[in-house]
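Colleague: Residues in the sequence shown are numbered consecutively from -1, following the working numbering.
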Amino acid sequence: MTELTQFVRGFQKALHIEIETMRGQRGSFEVPLFNGRKQDSAFSDTTTHRRYVFSYAVANEKLNVHLECTLRHEKSEYLVTVASVDTGSVQLECNENIPLEGKGHTLVIYPWFLYEKLLSGLSEILPGHPIDNALRLFARSPACELDRSPRLDHSNLNASQQRAISLCCQLNPAFIWGPPGTGKTRTLAALLAELLHQDRRILVTSTTNAAVDQALEQLAKHPEGRPFLHQHKVIRMGQHAGSHPEMTLQEVANARDQDRRARIEAIEDRLSNLHETIRKAQEVLDQLEQTLAESQLNLFSDPAPVPHILPALRSIFLGRRGPLLAQLPPDRLITIIATRLRRLQRLHKLYRLRGKALHTAQQQREQQAFTEARLVFSTLANVYLHPLMRNASFDVVIVEEASMAVLPTLFFSACMAKEQIIVVGDPKQLPPIVQSRDAFVQKALGRSIFAIAAPTPLTTHNVALLDTQYRMHPTIGDLISKLFYHGALHSATTDRTHKTLVEKAPFPGYPLVLIDTKGHTQCKYQGHHSRCNELSALSCVALVRSALNDGLLDIGVITPYVEQARLTRDLLRRENLLGESIECSTVHRFQGREKNMIILDLVDTAPLPPGKLLADQSTTSDAARLLNVSLSRARGKLLVVADCAYFLQKIPQSTLSLFLHEARQVGLVATRENIPDHLS
């Protein structure tokens, strides 16, 4: 059995088990849609499928082009495919007519669909396909040296960031270890500019649209990278929510031939008008035939004119002959409208043929733009979903936020790399989310690539650590460095922003505060194995209110439990405190983000034992990673609500208890009663 076959079969086995687990344990994701309209496209074939455009209010990472899902409307369901996703709107294809009237529409997404497509993509990696870089990434063969050196001046980067650029020019694979706030995305932009000037064709991919867009935004700010955007050499595949919509594949292709796109749009407008006119003509024709049939039952009267159809006649005949035609008897009018209808249908067919020809040329332009692109940004899902991506190859493949990516997607992406694979991420942050507890699935899907290729990253020669953090106040940053990074992470000098935030309420002058509930709260099970603690949630609400009253905005409330997050949001909403500047969720929603102030609600206390999310003992456990992500989101103030004695007694050797012990030494310890205007 070849190594390719071993990898593919192993991943397929794990994915099949995970899919079955997801089917049994997880429901679907629902996206409410509104303002639906049918789109009579110049290139759609109404005999096979129809296109509809809907608006949506909240962006969803699950919305991907070529995604197959279900559209629910009242009591009916329709199988649809996502044709395109824009900011606030989605275009769907369906081989049935979807009614647009009545109650709202809901797009139902089944999360295992992406894994089913990944299975298909893996099966298409044929024997003989070059997988050398995938084997190097998975430590099946040693890293190799590259005969390259930086060409650009990177003196605006700090020393560790410059070392990362040099490492990526010298070794394959190369790993950039970017702890929170160390300028990982800025370093990535500098690396992209460097590789572009070395004439490399590059793919940048990540688990989330946000990470992809942040990398693109940083490249647009880089003086050596910006010209490649202006030359239409950079393409963003899929859903884009950043400030550079001109980087999408369609827009880059349009920039190469703006006249063709304008003609397509003109034909689509004409087709839409023709479609509506044909509909009205057929409707009037049906009415007249019914009127004529009724009048023929009366043998003693002539058919009378039908003046009430005058508005429709004006539309069908563009207003010129409408008033005269309305005076004609129904039988004469039927003949005239039928002739007009046939002419409109011929015209509609002619415009459709013209539109199809133009669209075929547009598709060829998009193919050419993709082939000639020097840099492509895409989510990992699009890498195996999009037809253009599945068979593409690149000199260099860079995976951002790689610690969260499931291993099969990394293997698939690495097989696209002809020369080099570069991994960017933080092994001390969240690993992939896996539903199955099966040991094989945990091994094949639940581990970070760092655990396989660089289990001891501080001493691995092809790993570059970005060692200076700029996000967090040094009191917070230094504690995180000690707990999670063996003291290797240094804090830059406190800046004016940090000082301004620290001086805000609650607890002015303190960047780190422990609010010790001292056994005065109670934890209970809620929902499916989740937990909640009402008094703890009320403490968080009081802290938010105090901060807002002092003008402190951009606040995050983090909790390990879904039900506690829901309870806290309800309490915040009840007091009109929930808004754009206040966010409350579980820790996974905050990965890769930052806030001026973070309130971490640990929830657990008697009579329940500590939950598994917090109780793991090892500093490399998932519990430690959850804690690291939670603490490191804070720029200026970090407030932790916890029953300190409970944790120190129940799990004294845990990373959480170690944090509580250290935080007592460097921060302020307060109680619920110390919170201004606290609600008991």
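Glycine is no exception: its CB is placed at the ideal position from the N, C-alpha and C atoms. These figures come from a predicted structure and were not determined experimentally.
Would Ser270 pass as a contact of Val397 if the rule is Cβ separation under 8 angstroms?
Modeller: No. Outside cutoff.
Colleague: Going by beta carbon distance, what residues of the same chain come within less than 7 angstroms of Pro243, once the five residues before and after it are set aside?
Modeller: For Pro243, where only same-chain residues beyond five positions count, the Cβ hits under 7 angstroms are Glu249.
Colleague: What span of residues does the beta strand (DSSP E) with Asp682 cover, start to end?
Modeller: Summary: the structure shown does not reach residue 682, with the chain confined to residues -1 through 678, and so no result is reported for it.
Colleague: Cα separation between Ala604 and Arg631?
Modeller: Whole-angstrom Cα-Cα distance: 28 angstroms.
Colleague: Can you give the Cα-Cα distance for Cys530 and Glu561, rounded to whole angstroms?
Modeller: Between Cys530 and Glu561, the C-alpha separation is close to 6 angstroms.
Colleague: Can you tell me whether DSSP reads Glu370 as helix, strand or coil?
Modeller: Helix at Glu370.
Colleague: Would you say Ala137 and Ile450 are within 8 angstroms of each other, going by their C-beta atoms?
Modeller: Contact flag set, yes.
Colleague: Tell me, which residues are paired with Cys142 by DSSP?
Modeller: Asn170, per the DSSP bridge assignment.
Colleague: Using the three-state DSSP reduction, which class does Gln418 fall into: helix, strand or coil?
Modeller: Three-state DSSP puts Gln418 in a strand.
Colleague: Checking 8 angstroms against the spacing of the C-beta atoms, do His471 and Thr454 come in under that value?
Modeller: Result no, Cβ atoms of His471 and Thr454 do not sit closer than 8 angstroms.
Colleague: Please state if the CB of Thr377 and the CB of Gly236 are separated by a distance shorter than 8 angstroms.
Modeller: Against a cut-off of 8 angstroms, the Cβ pair of Thr377 and Gly236 comes out as a contact.
Colleague: Within the same chain, show all residues whose beta-carbon is closer than 6 angstroms to that of Ile233, passing over the 5 residues directly before and after it, in chain order.
Modeller: Excluding residues within five positions, the ones whose Cβ falls inside 6 angstroms are Leu247, Val250, Ala371, Val374.
Colleague: Quick one: what does DSSP say Leu499 is sitting in, helix, strand or coil?
Modeller: It is helical.
Colleague: Does the Cβ of Gln663 have 16 or more other Cβ atoms within 10 Å, making it buried, or fewer, making it exposed?
Modeller: So Gln663 ends up on the exposed side.
Colleague: Can you tell me which of the three DSSP states Glu680 falls into?
Modeller: The requested residue 680 is not part of the displayed model; the chain covers only -1 to 678.
Colleague: Can we say the stretch 574 to 586 touches the stretch 542 to 553, given the rule of at least three CB pairs closer than 8 angstroms?
Modeller: The answer is yes - the stretch 542 to 553 touches the stretch 574 to 586, with three or more Cβ pairs under 8 angstroms.
Colleague: Quick check on Arg494: buried or exposed, where buried means 16 or more other Cβ atoms within 10 Å of its Cβ?
Modeller: When all chains shown are included, Arg494 counts as exposed.
Colleague: Give the DSSP bridge partners of Ala668, in chain order.
Modeller: In the DSSP output, where bridge partners are listed per residue, Ala668 has Ile513.
Colleague: Ignoring anything shorter than 4 residues, give me the alpha helix (DSSP H) runs that lie fully in the stretch 538 to 575, in order along the chain.
Modeller: Within the stretch 538 to 575, the complete alpha helix (DSSP H) runs of at least 4 residues are 560 to 572.
Colleague: Is Ser164 closer than 8 angstroms to Pro140 when the C-beta atoms are compared?
Modeller: It is not a contact, given that the beta carbons lie outside the stated cut-off.
Colleague: Over what stretch of residues does the alpha helix (DSSP H) that includes Gly8 continue unbroken?
Modeller: Residues 1 to 23.
Colleague: Once the 5 residues before and after Lys610 are set aside, which same chain residues still bring their CB inside 8 angstroms of it?
Modeller: Excluding sequence neighbours, Lys610 sits near Ala621.
Colleague: For Pro128, which of Tyr349, Glu417, Thr183 has the nearest alpha-carbon?
Modeller: Minimum Cα distance to Pro128 is reached at Glu417.
Colleague: Which residues does DSSP list as the beta-bridge partners of Cys413?
Modeller: Cys413 pairs with nothing; no bridge assigned.
Colleague: Just mark Gln433 as buried or exposed, buried being the case when its beta carbon has 16 or more other beta carbons within 10 Å.
Modeller: Answer is buried; the Cβ neighbour count reaches 16.
Colleague: Have a look at Gln196, Gly634, Leu69, Gln362 and flag the residue whose alpha-carbon is nearest the alpha-carbon of Lys502.
Modeller: The candidate whose alpha carbon is nearest that of Lys502 is Gly634.
Colleague: Identify whether Thr44 lies in helix, strand or coil by the three-state DSSP scheme.
Modeller: At Thr44, the pLDDT of 48 sits below 50, so the modelled position is not reliable; the number obtained from the coordinates is stated separately. Here Thr44 sits in coil by DSSP.
Colleague: Ala208 and Gly590 - do their beta-carbons sit closer together than 8 angstroms?
Modeller: Cβ atoms of Gly590 and Ala208: closer than 8 angstroms.
Colleague: To the nearest angstrom, how far is it from the Cα of Asp84 to the Cα of Asn62?
Modeller: Taking the straight line joining both Cα atoms gives about 10 angstroms.
Colleague: With a 10 Å radius around its C-beta and 16 neighbouring C-beta atoms as the bar for buried, classify Cys67 as buried or exposed.
Modeller: Buried: at least 16 other Cβ atoms inside 10 Å.
Colleague: Write down the C-beta distance between Arg278 and Ile314 rounded to the nearest angstrom, noting that I regard them as a contact closer than 8 angstroms.
Modeller: The identity of residue 278 in the sequence shown is Lys, whereas the question assumes Arg. Going by Cβ atoms, the distance from Lys278 to Ile314 rounds to 6 angstroms, so yes, they are a contact pair.
Colleague: Name the DSSP bridge partner or partners of Met595?
Modeller: Bridge partners of Met595: Ile553, Lys635.
Colleague: From this set, Gln37, Tyr508, Phe5, which residue's C-alpha is nearest Asp267's C-alpha?
Modeller: Closest by alpha carbon: Gln37.
Colleague: If I measure Cβ to Cβ from Glu75 and keep anything under 6 angstroms in the same chain, skipping five residues before and after, which residues do I get?
Modeller: Closer than 6 angstroms at Cβ, skipping near neighbours: Thr68.
Colleague: May I ask you to verify whether the stretch 151 to 163 touches the stretch 118 to 133, counting CB pairs closer than 8 angstroms and requiring at least 3?
Modeller: The answer is no - the stretch 118 to 133 does not touch the stretch 151 to 163, with fewer than three Cβ pairs under 8 angstroms.
Colleague: Any idea if Phe588 is buried or exposed, counting beta-carbon neighbours within 10 angstroms, 16 or more meaning buried?
Modeller: Phe588 should be labelled buried.
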